[in-house]
Structures are given as structure tokens and as C-alpha cells.
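*Asks:* Before we start, here is the structure in question, set down as C-alpha cells.
Residue numbers (our numbering): 4 to 286.
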């Protein structure tokens, strides 16, 4: 399945109105919740978010300083959301360790975010954002804004073989955690970075990888070919890029994957097993 097909098969999340209605209904049965809900519209949005939060280690941190503009749809660390659209332009704004990714069509801010996915990988610690239905992205402004965040180590684009989709990678510093929040009315994505609750010890990670190459069409073709195998593009220490598949704890697991991939009819580019530390980039 190629990138466009994955985009067309994205499951669109339910509308927020039903969630708020259910939260309000439950609130009437609990006096304390009722008092909180009457306190402010911001707490209503936070309550809705609590009901549909996915895989966030610290909800309190993720929802701290929730903006009063817009209604929160979901908070996640990995996953997808948004609505299918086309012709979207992307702009960004930053404040301390928070990045807002805004969307417009014909100069007007959209009511919802376009269809998107967020993935997280280690070796190095990085976030992979993919937005579909996007035709215009100020890459220079995006990189400038993201690199201004103190918890970010690097940011770079990926080549994606779909002219209506964009993908970029945000490398995080050691022991940095994050949350991704989706809002509507207006639609935008908010990335928050904060210190991890627990420090992780660096460990060796094993991948099946390609040769080092420049960021270009060949890398995009490889990424499309092995997309269903969980491929990602990683920047090397020399400033070039590789295609990597896996992220295993043992060399045996990576070698088993390589054996399966090399037996396929579409196997052309020579791949190899390699490893590096979880907090480092490959050679």
C-alpha cells in the first residue's frame, strides 16, 4: 500500500461534540465534577481530552496551559487524526517548548487539522510527522521554529512520493518527553516538549539499513517500497541519510528480518544489519 492509499484509508476520529455531551452527562451525576465544569470552558475541553487520551504518560503535563482558542480533540504520543482535505498550507509558531502547527486554505484558518500521523522511534529519539492533503509548507520557517525549541536536537524533511503529503522528523535531546494535541475550531496541532519523568539508559539498537545516501528520489522510492515494513529515514552523523527498518533489541531479530526481505522479488537495493546506541545517530 503506497502513501496515498494509506492516506485514503485513515480512520477519521469521531466529532468532539459527542464526547463533550457525554462528559457533561456524566458530570451531572457528580457534584464535584459539575462545579469544575462550571468553572471554565477550558476545563470542559480538558475533560473531553481526558476521556480520549491515548498513551500519554503524564496527562497533567500534556494538558498544562491548555489554550482557550479552539476545542481539544485528542492528546497522543503516537497515532493519527485529522480530516481528509486538500490544498492546505502549513505555518508554525513557537512559545517556549511548545510548537503550534497551523493550517490554512486560501488564507483562512481551517476548522480541523488535515489527516496526519505521528510516530516515535529511538536511535535517535525522534518524532515523525506526516500530513496529507498539504500543498504548501514553508520548510525554512518550520526548521527555524522547531530548532528554536531548547529540547530539540535537529529537524529535517523526508522525501515522500506524494505531492499532496509532507513528512518531517524532529530529533529530541536525551531524556525529553512530549505530547501531541489536536484542536479544532480552529484546527491546529500542538507539540509540547518537557523533561522525561524517568531517565532512560542508553542501549544498543539493531536495524536493517540501506547504504548512506543523499536525501533524494532514491531514498523516497526505498521508503515507499518498505513502508509497510515500518521503514524510516534517519539522518547520519555525516549529514547524509539511510533507510532503516526495525529497531530491535538483538542482532538475531534484525538478521531474521533481513533474511525475509532479501527473499522478496522486489529486493534490489543491498541492505545490511547494523546497530548504534539509542541516543545516537548511525554512521
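Yeah, the Cβ is synthetic: ideal placement off N, Cα and C, and Gly gets one too. Please read all numbers here as calculations on a predicted model, not as lab measurements.
Can you tell me whether residue 220 is helix, strand or coil according to DSSP?
*Replies:* helix
*Asks:* One question on the structure: do residue 141 and residue 94 come within less than 8 Å of each other, judged by their Cβ atoms?
*Replies:* yes
*Asks:* Short of 6 Å in beta carbon distance, which residues of its chain neighbour residue 85, apart from the five on each side in sequence? Order them along the chain.
*Replies:* 116, 117, 118, 119
*Asks:* Could you give the uninterrupted runs of the beta strand (DSSP E) lying entirely in the stretch 148 to 172, keeping only those of 3 residues or more?
*Replies:* Under the rule that a run must span 3 or more residues, the beta strand (DSSP E) segments found entirely inside the stretch 148 to 172 read 155 to 160.
*Asks:* Just tell me which of 220, 188, 274, 195 has its CA closest to the CA of residue 213.
*Replies:* 274
*Asks:* Opposite residue 123 in the DSSP bridges: which residues?
*Replies:* 130
*Asks:* DSSP has residue 85 in a bridge; who is on the other side?
*Replies:* Residue 85 pairs with nothing; no bridge assigned.
*Asks:* Between residue 185 and residue 276, how many whole angstroms is the CB-CB distance? I'm expecting something under 8 Å.
*Replies:* With a Cβ gap of about 37 Å, residue 185 and residue 276 do not count as contacting.
*Asks:* Near residue 136, which residues of its chain fall below 8 Å by C-beta distance, leaving aside the five closest residues on each side in sequence?
*Replies:* 10, 87, 88, 89, 90, 91, 117, 118, 167, 168
*Asks:* Can you tell me whether DSSP reads residue 263 as helix, strand or coil?
*Replies:* Here DSSP, grouped into helix, strand and coil, assigns residue 263 to helix.
*Asks:* Would you mind working out which of 241, 243, 234, 268 sits nearest residue 257, comparing C-alpha positions?
*Replies:* 234
*Asks:* In the DSSP assignment, find the unbroken beta strand (DSSP E) run with residue 343 in it and report its ends.
*Replies:* Any question about residue 343 goes unanswered here, given that the chain covers just 4 to 286.
*Asks:* I believe residue 161 touches residue 171 by the beta-carbon criterion, under 8 Å. Please report the beta-carbon distance rounded to the nearest angstrom.
*Replies:* 7 Å
*Asks:* Less than 8 Å between the CB atoms is what I'm expecting for residue 285 and residue 248, so what's the real figure, rounded?
*Replies:* About 13 Å separates the two Cβ atoms, so there is no contact after all.
*Asks:* Do you know how far the Cα of residue 187 is from the Cα of residue 45?
*Replies:* Reliability of the predicted coordinates at residue 45 is poor, the pLDDT of 46 falling under 50, and the value obtained from them is presented with this limitation in mind. Spanning the two alpha carbons is a distance of roughly 14 Å.
*Asks:* In the DSSP assignment, find the beta strand (DSSP E) that holds residue 235 and state where it starts and stops.
*Replies:* 235 to 238
*Asks:* Assuming residue 158 contacts residue 146 under a Cβ cut-off of 8 Å, what Cβ separation, rounded to an integer in Å, is found between them?
*Replies:* 5 Å
*Asks:* Start and end of the beta strand (DSSP E) containing residue 179?
*Replies:* 179 to 187
*Asks:* Below 7 Å CB to CB, which residues in the same chain sit around residue 5 once its five sequence neighbours on both sides are set aside?
*Replies:* Unreliable positioning characterises residue 5 in this predicted model, as indicated by a pLDDT of 47, which lies under 50. A coordinate reading is not provided.
*Asks:* Going by DSSP, what residues sit across from residue 174 in a beta bridge?
*Replies:* BP columns for residue 174 point to 129, 157.
*Asks:* So residue 141 is in the beta strand (DSSP E); what residue range does that whole segment cover?
*Replies:* Neither: residue 141 is in no beta strand (DSSP E) and is coded neither H nor E.
*Asks:* Below 8 Å on the Cβ atoms is my guess for residue 80 versus residue 181; work out the distance and round it to an integer in Å.
*Replies:* Sure, about 7 Å apart at Cβ, within 8 Å.
*Asks:* Grouping DSSP H, G and I as helix and E and B as strand, with all else coil, what is residue 225?
*Replies:* helix
*Asks:* Report back the beta-carbon spacing between residue 148 and residue 102 to the nearest angstrom; my notes put them in contact at under 8 Å.
*Replies:* 6 Å
*Asks:* With a CB to CB cut of under 7 Å and the five nearest residues on each side skipped, what residues in its chain are close to residue 150?
*Replies:* 158
*Asks:* Measure the C-alpha to C-alpha separation of residue 203 and residue 152 and round it to an integer number of angstroms.
*Replies:* 21 Å
*Asks:* Could you say which of 126, 264, 272 lies nearest to residue 252 if we only look at CA atoms?
*Replies:* Nearest in C-alpha terms to residue 252, of all of 126, 264, 272, is 126.
*Asks:* Comparing C-alpha positions only, which one of 121, 279, 268 sits nearest to residue 192?
*Replies:* 121
*Asks:* Helix, strand or coil for residue 112 per DSSP?
*Replies:* strand
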